[in-house]
Amino acid sequence: MPGRNFATTVAIAVVVVAALASASAGADDDEQGHLRREADRIVRLPGQPDDGVDFPMYSGYVTVDEGAGRALFYWLQEAAAEAQPAPLVLWLNGGPGCSSVAYGASEELGAFRIRPDGATLFLNAYRWNRAANILFLDSPAGVGFSYTNTTSDLYDSGDRRTAHDSYKFLARWFERFPQYKRHYVPQLSQIVYRKNKGVEKPIMNLKGFMVGNAVTDDYHDQVGTFESWWNHGLISDATYRLLDASCVHDSGEHPSPRCNAAYDKATAEQGDIDPYSIYTPTCNQTSSSSTPRRMRLKGRYWRYGRGSPLDSDKQEVGGWSQVYEGLTLVTVRGAGHEVPLHRPRQALILFRHFLRGKPMPPKNGTVV
């Protein structure tokens, strides 16, 4: 949609487990599952470094709807043997339409980064599989390497079907990797929570989840976006008023022609500045302070405050954290839209604290 490519808030979700998963197959590892798993094993990636790759990897497809021909692609990067047992974590990029393999695995938290030559790889020093087994999933069908044989699926996926397909993916994936089956596993929070109600021993036990730069609702997301542009001098007063009058009550999925025209005007005024990180060379969206200030929780508005300082592992302020009735908001200093891309050290610190059930790093605290 012309003029709106920067307006979509990307929700990067990490759905986490916090119990430990053994990396060795158990007695219930049937022969068929073993063969399918071994067929998915990655022996070596093109351009992979010769040293330091001491962890197993797998990738492949899991069919989630035989009738429609829908299959989802995954890439599992396990933790090294000495780090096992380790939690299993499902990573989903948002967008909508962003590939977890292309973004999460390849430029944010994955084991490798691509060199400028486009042909060789190097190890990411802050890869998250140092702390957990990371399962990257391209979802829904049509994103990344995931596919469907039914054309209409590409136009009417929706959150509900995407969640159900992802749930089915996990259930079938565990048949291929039964070593994870009896431990806490990554969840698609709401659907898993509902399916687990009244079940004494559910196969998927929800532990927790992290969401980065989440979509909340169209009204507050757009109000916060417009205020951020205006406050940073990216658009004129007149364009701010035009956006406010034309778009704040529009649907994010189906904006009016008037709203599209207002976005086009804002795009022209912003020029070549990257809206995903206005202070860096073109590449990534800053987390607007308007988002927490406008977030509505349990019938009240959460007024934004800086909260407690969050230190990095080198004893400098890495950001700020704020806790509200069990919900922890972390703002990472100097990060754009993709925190693991721009602040990988801080992101790994936060991830480890979350997996251990620890509070976010305190001021003057030591983080290991």
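Mind the numbering: the sequence shown is residues -27 to -1, 1 to 341 in mature numbering (1 follows the signal peptide of the UniProt record, and there is no 0), read in order.
C-beta atoms are modelled at their ideal positions from N, C-alpha and C, and glycine is treated no differently.
Item                                                                                                                                                                 : Value
Pick helix, strand or coil for D23, following the three-state DSSP scheme.                                                                                           : coil
Under the rule that 16 or more other beta-carbon atoms within 10 Å means buried, what is P22, buried or exposed?                                                     : exposed
Give a yes or no on contact between the segment 107 to 121 and the segment 67 to 75, applying the rule of three or more CB pairs nearer than 8 Å.                    : yes
Starting from V201, trace the alpha helix (DSSP H) both ways and give me its first and last residue.                                                                 : Position check: residue 201 holds Ser in this sequence, whereas Val was assumed. Where S201 is concerned, the enclosing alpha helix (DSSP H) stretches over D191 to N204.
Going by DSSP, which residues form a beta bridge with Q295?                                                                                                          : L302
Using the Cα positions of H193 and D217, report the straight-line distance between them to the nearest angstrom.                                                     : 11 Å
Under 8 Å: do the segment 88 to 106 and the segment 322 to 330 share three or more Cβ pairs, one atom per stretch?                                                   : yes
Out of R316, Q295 and L8, which has the shortest C-alpha to C-alpha gap to R149?                                                                                     : L8
How far does the alpha helix (DSSP H) with G131 in it extend, from its first residue to its last?                                                                    : G131 to R149
To the nearest angstrom, report how far apart A308 and E11 are at their CA atoms.                                                                                    : 39 Å
Is A84 helix, strand or coil by DSSP?                                                                                                                                : coil
Are the Cβ atoms of V37 and F142 separated by less than 7 Å?                                                                                                         : yes
Where does Q50 fall in DSSP's three states?                                                                                                                          : strand
Is I87 buried or exposed, if buried means 16 or more other CB atoms sit within 10 Å of its CB?                                                                       : exposed
Could you tell me the alpha carbon to alpha carbon distance between V116 and F46, rounded to whole angstroms?                                                        : 9 Å
In the DSSP output, what is I107 paired with across the bridge?                                                                                                      : Q50 and V62
Would you kindly check if the distance between the Cβ of R306 and the Cβ of Y99 is under 7 Å?                                                                        : no
When the distance is taken between beta carbons, is P313 closer than 7 Å to E81?                                                                                     : yes
Across which residues does DSSP place R43 in a beta bridge pair?                                                                                                     : D38
Going by the CB atoms, is the gap between N97 and G42 shorter than 7 Å?                                                                                              : no
Can you tell me whether F95 is buried or exposed? The criterion is at least 16 other CB atoms within 10 Å of its CB, across all chains shown.                        : exposed
Does Q18 come out as helix, strand or coil in the three-state DSSP assignment?                                                                                       : Checking the displayed sequence, the identity of residue 18 turns out to be Leu instead of Gln. Of the three classes helix, strand and coil, the one that applies to L18 here is coil, per DSSP.
Nearest by alpha-carbon distance to Y31: which of V16, F118, G67 and Y213 is it?                                                                                     : V16
Look up L125 in the DSSP assignment and say whether it is helix, strand or coil.                                                                                     : According to the sequence as given, residue 125 is Ser; it is not Leu. DSSP places S125 in helix when its eight states are reduced to three.
Run through DSSP, which three-state label would S219 get?                                                                                                            : helix
Compute the Euclidean distance between the alpha carbons of A92 and L300, then round it to the nearest angstrom.                                                     : 42 Å
Give the DSSP-derived three-state secondary structure of G68 in the structure shown.                                                                                 : coil
Using only CA atoms, which one of A44, D24, L323 and I246 lies nearest to D126?                                                                                      : A44
Measure the alpha-carbon distance for A144 versus C220 and round it to whole angstroms.                                                                              : 41 Å
Straight-line CA distance for R269 to D24?                                                                                                                           : Reliability of the predicted coordinates at R269 is poor, the pLDDT of 38 falling under 50, and the value obtained from them is presented with this limitation in mind. Going from the Cα of R269 to the Cα of D24 covers about 49 Å.
Who are the near neighbours of M333 in its chain, counting only those whose CB is closer than 7 Å to its CB and skipping five residues on each side?                 : L283, S294, T301, V303, L323 and H326
Our contact map puts S201 next to E242 with C-beta atoms below 8 Å; I'd like the distance itself, whole angstroms only.                                              : The Cβ separation is near 14 Å, so there is no contact.
Roughly how far, in whole angstroms, is the beta-carbon of Q50 from the beta-carbon of G83, given that I think they are within contact range, below 8 Å?             : 7 Å
With a threshold of 16 other CB atoms inside 10 Å of the CB of E55, please say whether the residue is buried or exposed.                                             : exposed
For F199 and E4, I'd like the C-alpha separation in whole angstroms.                                                                                                 : 56 Å
Please report the Cβ distance between A235 and L215, rounded to the nearest whole angstrom; I am assuming they are in contact, meaning their Cβ atoms lie under 8 Å. : 5 Å
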